[in-house]
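Novice: The sequence shown maps to residues 1 to 304 in the UniProt record's numbering. Quick reminder that beta carbons are idealized off the backbone N, C-alpha and C, glycines included. Predicted model, so just to flag it, every value in this text is computed and none were measured.
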Amino acid sequence: MVYDIMIIGGGTAGLTSGIYGARAGKSVIVFEGSFAGGLIVTSPFIENYPAIQNISGPEFATNLLSQAEAFGTKIVYESIIEVDIEGKIKRVISESNEYIGKTVIIATGTKRRKLGFENEDKLIGKGLSYCAYCDGAFFRGKDVAVVGGGNTALEDALYLSDICKTVYIIHRRDKLKGEKAISNEIFKRENIKFLTNTVVDDIIGDKVLNLVKIRNLKTGEIRDLSVNGLFVAIGQIPQNEIFSPPVTLDSSGYIVATEDCKTNVSGVFVAGDCRVKKLRQLITASADGATAVNSAIEYLNGGK
Ligand code: NAP
Numbered sequence: 001m002v003y004d005i006m007i008i009g010g011g012t013a014g015l016t017s018g019i020y021g022a023r024a025g026k027s028v029i030v031f032e033g034s035f036a037g038g039l040i041v042t043s044p045f046i047e048n049y050p051a052i053q054n055i056s057g058p059e060f061a062t063n064l065l066s067q068a069e070a071f072g073t074k075i076v077y078e079s080i081i082e083v084d085i086e087g088k089i090k091r092v093i094s095e096s097n098e099y100i101g102k103t104v105i106i107a108t109g110t111k112r113r114k115l116g117f118e119n120e121d122k123l124i125g126k127g128l129s130y131c132a133y134c135d136g137a138f139f140r141g142k143d144v145a146v147v148g149g150g151n152t153a154l155e156d157a158l159y160l161s162d163i164c165k166t167v168y169i170i171h172r173r174d175k176l177k178g179e180k181a182i183s184n185e186i187f188k189r190e191n192i193k194f195l196t197n198t199v200v201d202d203i204i205g206d207k208v209l210n211l212v213k214i215r216n217l218k219t220g221e222i223r224d225l226s227v228n229g230l231f232v233a234i235g236q237i238p239q240n241e242i243f244s245p246p247v248t249l250d251s252s253g254y255i256v257a258t259e260d261c262k263t264n265v266s267g268v269f270v271a272g273d274c275r276v277k278k279l280r281q282l283i284t285a286s287a288d289g290a291t292a293v294n295s296a297i298e299y300l301n302g303g304k
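As structure tokens, this is what we get:
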């Protein structure tokens, strides 16, 4: 079968494209390598999406997925590892299958940045986590630390402060980067302690995380921080390597696109956090999803 629209990535942007594309009567397939919903699934709460006062990330993702499926979007749980997208008919290849279609929307989002320690991967799930919402409950009544000063770190800290005894925020600056509304809430919590101008110097442990060493950037002092869990929330990185070339990326690896979500390759569009943009939020991912698929539909109807 030749699909009208092949969407790579089943997060907020990709599934929104799915909803709009299927509602417009196009045949739409979405490829998702792990779980539908993307990074928003790891968000404990969402309170800045218009008309929804408060919803958890998983609930938002579940709603989005069932809405896309209800309109006829096909979801395939396979990772795309190779693409051939320059011709009129595009090919996308997973480990087990090959699919063809007339247009492609790249909606691969981002993945969490790692601290960069040699033993980091070994300690995932053994005291080290990138998802407070998924793993926080394992640390009930215990002391934990969150690394980072952006919205993700602050939301993680708030969530953990309801479950854990003490939550340290380890941040390399003296000012938080995240939104004021969340910071204000953070400052009210007595069990959240700040370690500013501080970085993680080392993580010690083989089978489980035994010790976190922290370094004060102003004084150079290195000391042990006694915590049971370490939650890393130091930003996101794109995962666009398989598309370039021919798709143009910027120096940080994000896809360069016009405001109507067109890439430099004819018939290839991009939506969500994986493209160059200023504001990476749920609402901008949804907006991109709708815009990208609109451009794809125009292209299918004979436009450029
Ligand atoms: P982010 O905004 O890029 O913040 C990353 C934080 O980690 C920054 O404080 C940064 O420090 C720090 N950092 C980066 N590399 C580091 C390293 N190697 N060692 C130590 N610290 C490091 O990332 P994010 O919080 O994951 O958010 C990503 C995007 O999603 C943002 O656009 C954010 O607004 C959005 N988001 C929105 C919401 C919401 O609206 N509710 C929730 C979550 C995320 P510096 O401060 O020094 O740069």
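(1) In the DSSP assignment, find the alpha helix (DSSP H) that holds residue 305 and state where it starts and stops.
(2) Is residue 231 helix, strand or coil by DSSP?
(3) Judging by CA-CA distance, which residue of 210, 249 and 99 is the nearest neighbour of residue 119?
(4) Going by the CB atoms, is the gap between residue 143 and residue 79 shorter than 8 Å?
(5) Pull up the distance between the alpha-carbon of residue 213 and that of residue 203, whole angstroms please.
(6) Identify the continuous alpha helix (DSSP H) that holds residue 293 and give its terminal residues.
(7) My guess is that residue 233 and residue 153 are in contact by the Cβ rule of under 8 Å, so how many angstroms apart are they, rounded?
(8) Kindly confirm or deny that the region 154 to 163 and the region 130 to 141 touch, where touching means at least three C-beta pairs closer than 8 Å.
(9) Indicate, with yes or no, if the ligand NAP has a heavy atom lying under 7 Å from the CB of residue 306.
(10) At a cut-off of 7 Å, would you count residue 48 as near the ligand NAP, judging by its Cβ distance to the nearest heavy atom?
(11) Leaving out five residues on either side along the sequence, give the residues of the same chain with a beta carbon under 8 Å from the beta carbon of residue 240.
(12) Is residue 185 helix, strand or coil by DSSP?
(13) Please work out which residues of its chain come closer than 8 Å, Cβ to Cβ, to residue 82, disregarding the five sequence neighbours upstream and downstream, and give them in chain order.
(14) Verify the contact flag: residue 234, CB atom, against every heavy atom of the ligand NAP, threshold strictly below 7 Å.
(15) Assign residue 100 to one of two classes, buried (16 or more other C-beta atoms within 10 Å of its C-beta) or exposed (fewer than that).
(16) Just to confirm my understanding: we take residue 51, look at its own chain, exclude 5 residues before and 5 after, and list those with CB closer than 8 Å. What are they?
(17) Can you tell me whether residue 77 is buried or exposed, with buried defined as 16 or more other CB within 10 angstroms of its CB?
(18) Helix, strand or coil: which one does DSSP assign to residue 12?
(19) Between which two residues does the beta strand (DSSP E) containing residue 66 stretch?
(20) Is residue 147 a contact residue of the ligand NAP, with contact defined as CB to any heavy atom under 7 Å?
Specialist: The short version:
(1) For the chain, the structure presents residues 1 to 304; residue 305 sits outside this window and is missing.
(2) strand
(3) 210
(4) no
(5) 6 Å
(6) For residue 293, the enclosing alpha helix (DSSP H) has its first and last residue at 282 to 300.
(7) 4 Å
(8) In short, these stretches touch, since the Cβ pair count reaches three.
(9) One cannot answer for residue 306 here, as it falls past the ends of the chain, which runs 1 to 304.
(10) Checking the Cβ of residue 48 against the ligand NAP gives yes.
(11) 106, 108, 247, 249, 253, 254, 255 and 274
(12) helix
(13) 92, 93 and 242
(14) yes
(15) exposed
(16) none
(17) That one is exposed.
(18) helix
(19) Note, residue 66: premise wrong, no beta strand (DSSP E); alpha helix (DSSP H) at 57 to 70.
(20) yes
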